[in-house]
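Those sequence lines, one after another, are chains A and B. Counting in my numbering, the first sequence runs from 1 upward without gaps. Counting in my numbering, the second sequence runs from 1 upward without gaps. As structure tokens, the structure follows; a few thoughts come after it.
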Amino acid sequence: MSWEDAWQPVVDAVGRDFGCGEVIEGADAVDASALRRFLEPLELDCPLHHDDRVAREHGYRGVVAPFSSYFTFVAPPLWRPDEAAVFTSDERDAPPEGIAARRFATGLEPPYSGYFAADFELELLRPVVLGDRLHRTGMKLVSCTPKETSVGRGAFMTWEWEVRNQRADVVARFRNTMYLYDPH
Amino acid sequence: MDWSAQRYWDDVTEGDDVPRVEFPLTVFRLVVEAGANRDFNAIHHNSELARTSGAPEMYANTGFLLGMWERAIREFAGLGGSVRRITGFRMRRFNVVGQTVVVRGRVLGKRREDDAALVELELWSEVDGEVTVGPGTVTVALPERTS
Numbered sequence: 001m002s003w004e005d006a007w008q009p010v011v012d013a014v015g016r017d018f019g020c021g022e023v024i025e026g027a028d029a030v031d032a033s034a035l036r037r038f039l040e041p042l043e044l045d046c047p048l049h050h051d052d053r054v055a056r057e058h059g060y061r062g063v064v065a066p067f068s069s070y071f072t073f074v075a076p077p078l079w080r081p082d083e084a085a086v087f088t089s090d091e092r093d094a095p096p097e098g099i100a101a102r103r104f105a106t107g108l109e110p111p112y113s114g115y116f117a118a119d120f121e122l123e124l125l126r127p128v129v130l131g132d133r134l135h136r137t138g139m140k141l142v143s144c145t146p147k148e149t150s151v152g153r154g155a156f157m158t159w160e161w162e163v164r165n166q167r168a169d170v171v172a173r174f175r176n177t178m179y180l181y182d183p184h
Numbered sequence: 001m002d003w004s005a006q007r008y009w010d011d012v013t014e015g016d017d018v019p020r021v022e023f024p025l026t027v028f029r030l031v032v033e034a035g036a037n038r039d040f041n042a043i044h045h046n047s048e049l050a051r052t053s054g055a056p057e058m059y060a061n062t063g064f065l066l067g068m069w070e071r072a073i074r075e076f077a078g079l080g081g082s083v084r085r086i087t088g089f090r091m092r093r094f095n096v097v098g099q100t101v102v103v104r105g106r107v108l109g110k111r112r113e114d115d116a117a118l119v120e121l122e123l124w125s126e127v128d129g130e131v132t133v134g135p136g137t138v139t140v141a142l143p144e145r146t147s
């Protein structure tokens, strides 16, 4: 079997929603501290993101979250108080337990150790403001293209999903492509 | 940045430049970014591990690169603008530590759609003159002078 054939089960799964109706809740609500930290490395000083008065003057319900922060506010926690330990190894580069399950993947992939995001499209439908809570729904595989690149052999997998707020309003639709690969 | 100045749809012309924004990448900044946006994939803060994955060095994560575009768009559109859609945000090359990412763009055109006055921007990131992200298309709604 060629390395490309090993990806055939994933190619055959195109069109399937691997979200299985699951709602992935972000670990934290959109709060002022998290927003401040988000803006810091970007040095993004737009007052819509830190000044309630200015945000309301421009028609928003409150301080606005940057759209690039939506990934952050749909990210689940690494660990919760009622869960088992996740930092179980002292191997230098060991990731916490369970982190692989958070990736965009089907479980049908051949062995891979590398992955990175390659492409994004987003449609922004509603603003997100301080106090909102975001969650991710849907995880539909819309394409899978095996390809060898400079970093390894793997496949580009494209997914569609939505971000909703606490009222279940869709605030954004995303389409992202990940490259999962076995490094050279 | 003077946020009291608003750009209006009426004043935008095809071919106008989107003001460039520069982002020098240091280890410090990448680590602050990982903590802020919670993308803890080690390729973004661990040089050794990044190299074993085939990258030349630790490199900026997706949320950071998208945030760079957001800052450039916001500085173009001002407080009254709003982003509707982004396509073509393609990460073509690694944006690695020790480099400076420059976000640049230009106006592709403008149109009205329903009640909205829209501008299409072409945006890209580059390092040493080579495109690393994009070029993508950003649809932005801008206020009109007459509204």
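Glycine residues also receive a C-beta, built at the ideal position from the N, C-alpha and C atoms.
Cutoff 8 Å: S150(A) Cβ touching any chain B Cβ: It does; some Cβ of chain B falls within 8 Å.
Any non-hydrogen atom of the ligand GTP closer than 7 Å to E97(A) Cβ: Absent from the structure shown: the ligand GTP. Ligands present: none.
Residue closest to I99(A), alpha-carbon to alpha-carbon, out of D90(A), P77(A), L35(A): Comparing alpha-carbon positions, the option among D90(A), P77(A), L35(A) lying closest to I99(A) turns out to be P77(A).
Minimum length 4: unbroken alpha helix (DSSP H) runs contained in the segment 64-99 of chain B: Here no run is fully enclosed.
Three-way DSSP call (helix, strand, coil) for G136(B) in this model: Residue state for G136(B) is assigned as strand, using DSSP reduced to three classes.
Under 9 Å from the C-beta of S53(B): neighbouring residues of chain A: Here the neighbours are S113, G114, Y115, F116, V151, G152, Y181, P183.
DSSP-derived helix/strand/coil call for W9(B): DSSP places W9(B) in the helix class (H, G or I) of the three-state scheme.
Terminal residues of the beta strand (DSSP E) in which N37(B) lies: First-last for N37(B): 27-37, but that is the alpha helix (DSSP H), not the beta strand (DSSP E).
Selected residue, minimal CA-CA separation from P9(A), among E109(A), T145(A), H184(A): Measuring from the Cα of P9(A), the nearest candidate turns out to be E109(A).
Buried or exposed (CB count within 10 angstroms, at least 16 for buried), G178(A): First, the residue type needs correcting, since residue 178(A) is Met and not Gly in the sequence shown. Burial call: buried.
Boundaries (first-last residue) of the beta strand (DSSP E) holding T106(A): That residue, T106(A), is in no beta strand (DSSP E); it is neither H nor E in DSSP.
7 Å Cβ shell around G88(B) - same chain, five flanking residues per side excluded: Cβ neighbours of G88(B) beyond the five flanking positions: G134, P135, G136, T137.
Y181(A) versus V12(B) - alpha carbon distance: When rounded, the distance between both Cα atoms is 44 Å.
Top-ranked residue by Cα proximity to S33(A), from S69(A), V86(A), F18(A), G59(A): Selected option, being the one with the closest Cα: S69(A).
C-beta contact flag for A68(B) and F23(B) at 8 Å: Contrary to the premise, residue 68(B) reads as Met rather than Ala in this sequence. Cβ distance < 8 Å, so M68(B) and F23(B) count as in contact.
Short CB-CB distance (under 8 Å) between L141(A) and chain B: No, L141(A) lies away from the interface with chain B (no Cβ there is under 8 Å from its Cβ).
Cut-off 7 Å between Cβ atoms - residues of its own chain near A118(A), not counting five sequence neighbours on either side: Only F156, T177, M178, Y179 meet the Cβ criterion.
R84(B) vs E130(B) beta-carbon contact at 8 Å: No, Cβ-Cβ distance for R84(B) and E130(B) is not below 8 Å.
Exposed unless 16 or more other CB atoms sit within 10 angstroms - verdict on V23(A): V23(A) is exposed by the Cβ-count criterion.
6 Å Cβ shell around Q99(B) - same chain, five flanking residues per side excluded: Residues of the same chain with a CB within less than 6 Å of the CB of Q99(B), apart from the 5 flanking positions on each side, are L25, V127 in chain order.
Cα-Cα separation, R53(A) to W3(B): In this structure, the CA atom of R53(A) is about 14 Å from the CA atom of W3(B).
Contact residues within the segment 31-59 of chain B, judged by C-beta distance below 8 Å to chain A: So the list reads V32, E33, G35, A36, N37, R38, D39, F40, N41, A42, I43, N46, E48, L49, T52, S53, G54, A55, given in the order they occur along the chain.
Boundaries of the beta strand (DSSP E) in which F40(B) is found, first to last residue: Counting along the chain, F40(B) falls outside any beta strand (DSSP E), and DSSP gives it neither H nor E.
Residue from V142(A), H49(A), E123(A), R164(A) whose Cα sits closest to the Cα of H135(A): Of V142(A), H49(A), E123(A), R164(A), the residue nearest in Cα terms is R164(A).
V54(A) (DSSP reduced to helix, strand or coil): Helix, per DSSP.
Candidates R16(A), Q166(A), F73(A), L44(A), of which the one nearest N37(B) by Cα: For the residues R16(A), Q166(A), F73(A), L44(A), the minimum Cα distance to N37(B) belongs to F73(A).
T158(A): contacting residues in chain B (beta-carbon distance under 9 Å): Neighbours of T158(A) in chain B, taken as residues whose beta carbon is under 9 Å from its own, are absent, since the nearest beta carbon is some 12 Å off.
H44(B) versus V86(A) - alpha carbon distance: The C-alpha of V86(A) is placed about 20 Å away from the C-alpha of H44(B).
Chain-order list of residues whose beta-carbon lies under 7 Å from that of H58(A) (same chain, five-residue window excluded): The residues L48, in chain order, have a CB closer than 7 Å to that of H58(A) in the same chain once the five nearest residues on each side in sequence are set aside.
Extent of the continuous beta strand (DSSP E) run through E120(B): Counting along the chain, the beta strand (DSSP E) containing E120(B) begins and ends at 116-127.
Short CB-CB distance (under 8 Å) between L130(A) and chain B: By this cut-off, L130(A) is not an interface position.
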